[in-house]
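Novice: Take this structure, written in structure tokens, and hold onto it; I'll ask about it next.
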Amino acid sequence: MPELPAPYFKVGNFTKNQSNMESKEHHLTRFHLILLMFFLFITGCAQKITPPQPQTSDWRASLKEQTSWQANGKLAFISDTQRQSANFNWQYNNNKQQLILTSFIGTRILSLTELAQHSELQHDGKTYVDADSQQLVKRLTGLDLPIAQAPTWLTGMVDNPNNQYDTQGRLSESTWIDQQGQLWQAQYQQFSLVDGMWLPTRMNLSHKTLRIKVQLNSWQF
């Protein structure tokens, strides 16, 4: 009995398999296109839901009126003899401050609280008291930080006739003298709109050979 030529079956199987593969690729392509259109639609909706935040017409006056805020970020102290970094939580309420410094693994370095007549600092499991917050922090940790003026330099509201501003009225450079008679300089590098007000998010403080890099990740009023 004569046998059918082998190529007949091979060609037929190949054509059938190729057709199946092309069909699967076609379905996958349609599926990917549907997914792409879905993500584009979601992205467009998100952009419409969260429009750019408008700037308050007299935002500097609004910021000056704030008596309570909280800021979170990072500090980097750089000098000829030391280089230290810490995360911070800085709170201001009715002319009193609270500052918490933690390491990058979450260990608390210090907790400073200003009270009516003095400041208290918790460090290494002990509580210390002084009338001057800046001196208290420096004496126990060696970190020099102009804390008394923080409500103004941290918010970019230093009052100095020699201040320099950008085209939007945001402070770009300023100087002031702290309670110890030390001259400080500040350079503001980046701002962000928060509740219609421009707040610093990056700045550099300097005093003699000390430089402090400040990064603010969030503001709350």
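Start counting the sequence shown at 3; every next residue gets the next number (my numbering). For every residue, glycine included, the Cβ atom is placed at its ideal position computed from N, Cα and C.
1. Would you say Trp-221 and Ala-88 are within 8 angstroms of each other, going by their C-beta atoms?
2. Out of Gly-127, Ile-214 and Asp-180, state which residue places its alpha-carbon closest to the alpha-carbon of Thr-154.
3. Skipping 5 residues on each side, what residues in its chain have a beta carbon closer than 8 angstroms to that of Leu-212?
4. DSSP puts Asn-91 in a beta bridge; with which residues?
5. Applying the 10 Å Cβ sphere with the 16-neighbour rule, what's the burial state of Val-216?
6. Kindly list the residues whose CB is nearer than 7 angstroms to the CB of Gln-151, restricted to its own chain and excluding five residues on each side of it in sequence; keep chain order.
7. When the Cβ atoms of the stretch 60-70 are set against those of the stretch 181-190, are three or more pairs found closer than 8 angstroms?
8. So, do the stretch 163-174 and the stretch 125-133 have three or more beta carbon pairs nearer to each other than 8 angstroms?
9. Just to confirm, are Ile-111 and Leu-117 a CB contact at a threshold of 8 angstroms?
10. Starting from the C-beta of His-209, find all residues in its chain whose C-beta is less than 6 angstroms away, skip the five residues before and the five after it, and write them out in chain order.
Specialist: Reading off the structure:
1. On the sequence shown, residue 221 is found 219 positions in, with the first residue counted as 1. On the sequence shown, residue 88 is found 86 positions in, with the first residue counted as 1. Result no, Cβ atoms of Trp-221 and Ala-88 do not sit closer than 8 angstroms.
2. Residue 154 sits at position 152 when you count from the first residue of the sequence shown. The option with the nearest alpha carbon to Thr-154 is Asp-180.
3. Translated into the one-based positions of the sequence shown, residue 212 becomes position 210. Cβ within range, chain order: Phe-79, Ile-80, Ser-81 and Asp-146.
4. In the sequence shown, the residue the question calls residue 91 occupies position 89. Its beta-bridge partners are Asn-74 and Ile-102.
5. Locating residue 216 in the sequence shown gives position 214, counting from the first residue. Classification of Val-216: buried, given that the 10 Å Cβ count is 16 or more.
6. Along the sequence shown, one-based indexing puts residue 151 at 149. Around Gln-151: Trp-178 and Asp-180.
7. no
8. no
9. Here residue 111 refers to the residue found at position 109 when the sequence shown is read from its first residue. Here residue 117 refers to the residue found at position 115 when the sequence shown is read from its first residue. No, they are not a contact pair.
10. What you label residue 209 is simply residue 207 of the sequence shown in a count that begins at 1. Answer for His-209: Gln-184 and Trp-186, listed in chain order.
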